[in-house]
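Chemist: So that we are looking at the same thing, I have put the structure below in structure tokens.
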Amino acid sequence: MNQPIDRSTIPGWGADLDRANRPAVPMERTPPRLEGVHWTTPPAQESAVEILQSTEHFVRPPVFGTTVPPRGISGWIRRRAFRHSENDLRHWLMLLAADRVDAAEGMVADVAIKPGLRAVALGSGAALLAVWLIRRNSR
């Protein structure tokens, strides 16, 4: 009934054996390290806009994006999100919400700037309101 198991056939068995008996010691590197290659940290990037930084990271990376600085309501939500740790669900949910709010802010800004879009936005809004009212009254 209970037959002895040949453990040598189990893949990975014995990984905690003595290092001299392990098949992967000494470990090989692919590709091998190159001799004479030196890395120096590049100078820090200058920033004229606000950069939001995680509470876990104390040093800003040498290069970072500054194309879309936090602004408006979405920026306010992002600033609040970066008060929380990255392993906190609130951090990520607030960043998701800030993205959606930023998209809505962009649409409102487009409508405010382009007069042709105002008519389209008003017409779409009126159509959606009419559909909602018709469905509400038909129940």
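Residue numbers for the sequence shown follow my numbering, so the first one is 1 and each next one is one higher.
For every residue, glycine included, the Cβ atom is placed at its ideal position computed from N, Cα and C.
In this text, all values refer to a predicted model and were calculated from it rather than measured experimentally.
Is the region 60-69 in contact with the region 82-100, if contact means three or more CB pairs nearer than 8 Å?
Modeler: The region 60-69, when compared against the region 82-100, does not touch it at the 8 Å Cβ threshold.
Chemist: Among the candidates Arg135, Arg79, Glu56, whose CA atom is the shortest distance from the CA of Ser85?
Modeler: The residue with the shortest Cα to Cα distance from Ser85 is Glu56.
Chemist: In or out: Ser74 buried (at least 16 other Cβ within 10 Å) or exposed?
Modeler: Burial call: buried.
Chemist: From Gln53 to Phe82, what does the alpha carbon distance come to, in whole angstroms?
Modeler: Approximately 7 Å between the Cα atoms of the pair.
Chemist: Between Ser8 and the ligand MN, is the CB less than 7 Å from at least one heavy atom?
Modeler: Among the ligands in the structure shown, none appear at all, so the ligand MN cannot be discussed.
Chemist: Can you tell me which of the three DSSP states Pro115 falls into?
Modeler: Helix at Pro115.
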